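**Student:**
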Amino acid sequence: MRYFLFALLLLPAVSLAAETQAGFPTQAIWISKTTAVAGETLIVSAVVYNGNTSMLKGTLVFTDDTVRIGVRELELPAGESQIHSIEWISEAGEHRLAARIEGTSAALSQTETPSITVIVAEPPPPSGAQQVVSQAAETVGNIASSSLPVVLGVATNIFNAIEPYRQKGVEELKTYVENTRSRRGDSAVGAVAGTSTSNTSGFRDAGTTGSGVAANIAHVAAAAALFVMSSLYLFYPLLALVFLGTLYFLARRIKRPE
């Protein structure tokens, strides 16, 4: 009789244990490093098991002393387990990390994991070399930020002073190229249409030939100059190179007088 009563008392507990087999097993949460330095990115992981006969759906929440540090959605088929992880940027101090399941109506044997304690150390002070590099970078940044408006102002003034002359030069070169092209066309037509010549020996006058070659060279040079001056992206870099080259040449002449 006593054994029968004892079995009746144990029956609800056994039944509940058989029905609630989903949640976290023992030691269900861990971290990629137990000793860390502030600023390091650590991986916090948790395993969830579903021993029920139906799908387990919910939200897996990672916490640091009750503060949420990451969330993962759960869809765990019956009889399966899953590992979920988050990235956590550590801060100096002592932390108690845990995970819990929210937003589910399923019966769970354990809704929250026991917390694990992680102690994160302060970052080490920078070395002497690192301090020098950091100070140098900060100084360069300050100089650049303070001098940038001045440089932009000077560049704008130079552009405003040169640009009208560039545009005027483009117009004059266009006119010159068109005129020389027209003259070359007229001379070619006249040479074909002519029915008589004063050069009875069959050779052109040397002066006429020389002037024609010079005109062709001038036409090609004008067309090339027009191409360069018509483009802002070609004209100003080329002008800067010419200016720097001139300064370099003058500096060498001053250092090494003949």
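If you use mature numbering (1 follows the signal peptide of the UniProt record, and there is no 0), the sequence shown corresponds to residues -17 to -1, 1 to 241, in order.
Ideal Cβ positions, reconstructed from N, Cα and C, are used throughout, including at glycine.
As the structure is a computational prediction, the values presented were derived from the model and not from experiment.
Do three or more CB pairs link the stretch 135 to 149 to the stretch 50 to 59 at distances below 8 Å?
**Tutor:** No, because fewer than three Cβ pairs between the stretch 135 to 149 and the stretch 50 to 59 fall closer than 8 Å, the two stretches do not touch.
**Student:** Report the residue from 135, 14, 153, 42 whose alpha carbon sits nearest the alpha carbon of residue 73.
**Tutor:** Start at 1 with the first residue of the sequence shown, and residue 73 comes out as number 90. Nearest of 135, 14, 153, 42 to residue 73, Cα basis: 14.
**Student:** According to DSSP, what are the bridge partners of residue 28?
**Tutor:** Counted from its first residue, the sequence shown places residue 28 at position 45. In the DSSP output, where bridge partners are listed per residue, residue 28 has 13, 68.
**Student:** With DSSP as the reference, please indicate the residues paired to residue 76 in a beta bridge.
**Tutor:** To locate residue 76, count along the sequence shown from 1; it is residue 93. The partner list for residue 76 (beta bridge, DSSP) reads 103.
**Student:** Please state whether the Cβ-Cβ distance between residue 29 and residue 66 is less than 9 Å.
**Tutor:** Taking the first residue of the sequence shown as position 1, residue 29 is located at position 46. Taking the first residue of the sequence shown as position 1, residue 66 is located at position 83. A contact, by the Cβ cut-off of 9 Å.
**Student:** Looking at the strands, I want to know which residues DSSP matches up with residue 50.
**Tutor:** For the purposes of this step, residue 50 is taken as the residue at position 67 of the sequence shown. Partner(s): 47.
**Student:** Would the stretch 121 to 136 count as touching the stretch 35 to 52 if we require 3 or more Cβ pairs under 8 Å?
**Tutor:** The stretch 121 to 136 vs the stretch 35 to 52: no contact.
**Student:** Roughly how many whole angstroms lie between the Cα atoms of residue 99 and residue 135?
**Tutor:** The count along the sequence shown starts at 1 and reaches residue 99 at position 116. The count along the sequence shown starts at 1 and reaches residue 135 at position 152. Each residue's Cα considered, the two are about 57 Å apart.
**Student:** From the DSSP output, read off the bridge partner residues of residue 58.
**Tutor:** To locate residue 58, count along the sequence shown from 1; it is residue 75. BP columns for residue 58 point to 40.
**Student:** Taking its Cβ as the centre, do 16 or more other Cβ atoms sit within 10 Å of residue 32, making it buried, or is it exposed?
**Tutor:** Locating residue 32 in the sequence shown gives position 49, where the first residue counts as 1. So residue 32 counts as buried.
**Student:** Using C-beta distances below 8 Å, list every residue in its chain close to residue 16, excluding the 5 sequence neighbours before and after it, in chain order.
**Tutor:** As a working mapping, residue 16 is identified with position 33 in the sequence shown. Hits under 8 Å: 23, 25.
**Student:** Using a threshold of 9 Å, state whether the C-beta atoms of residue 208 and residue 163 are closer than that.
**Tutor:** Position 225 of the sequence shown, counted from the first residue, corresponds to residue 208. Position 180 of the sequence shown, counted from the first residue, corresponds to residue 163. Cβ distance not < 9 Å, so residue 208 and residue 163 don't count as in contact.
**Student:** If contacts are defined as beta-carbon pairs under 8 Å, then residue 77 and residue 21 qualify, I think. What distance do you get, rounded to the angstrom?
**Tutor:** Your numbering for residue 77 matches position 94 in the sequence shown. Your numbering for residue 21 matches position 38 in the sequence shown. Not really, about 12 Å apart at Cβ, beyond 8 Å.
**Student:** Per DSSP, residue 84 forms a beta bridge with which residues?
**Tutor:** As a first step, residue 84 is located in the sequence shown; it is residue number 101 there, counting from the start. DSSP lists 43 as partners of residue 84.
**Student:** Am I right that residue 79 and residue 94 are in contact with their C-beta atoms under 8 Å? What's the rounded C-beta distance?
**Tutor:** Sequence index remark: in the sequence shown, residue 79 carries index 96 (1-based). Sequence index remark: in the sequence shown, residue 94 carries index 111 (1-based). Contact flag wrong, Cβ pair sits at about 17 Å.
**Student:** I need the DSSP call for residue 21, collapsed to helix, strand or coil.
**Tutor:** By 1-based counting over the sequence shown, the position of residue 21 is 38. It is coil, neither helix nor strand.
**Student:** Quick check on DSSP: helix, strand or coil for residue 155?
**Tutor:** Residue numbering aside, residue 155 sits at position 172 when the sequence shown is read from its first letter. Three-state result, residue 155: helix.
**Student:** Considering only C-alpha positions, which residue in the set 153, 63, 97 is nearest to residue 36?
**Tutor:** What you label residue 36 is simply residue 53 of the sequence shown in a count that begins at 1. Considering only alpha carbons, the answer is 63.
**Student:** Applying the criterion that 16 or more other CB atoms from any shown protein chain within 10 Å of the CB defines a buried residue, is residue 46 buried or exposed?
**Tutor:** Residue mapping note: residue 46 aligns to position 63 of the sequence shown, counting from 1. Buried: at least 16 other Cβ atoms inside 10 Å.
**Student:** Rank 49, 71, 161, 229 by C-alpha distance to the C-alpha of residue 103 and give the top, closest one.
**Tutor:** As a working note, residue 103 is residue 120 in the sequence shown. Taking only the C-alpha atoms, the option nearest residue 103 is 71.
**Student:** Give the C-beta separation of residue 256 and residue 96 to the nearest angstrom, bearing in mind that I take them to be a contact with Cβ-Cβ under 8 Å.
**Tutor:** Limits of the chain in this structure are -17 at one end and 241 at the other, which puts residue 256 out of reach.
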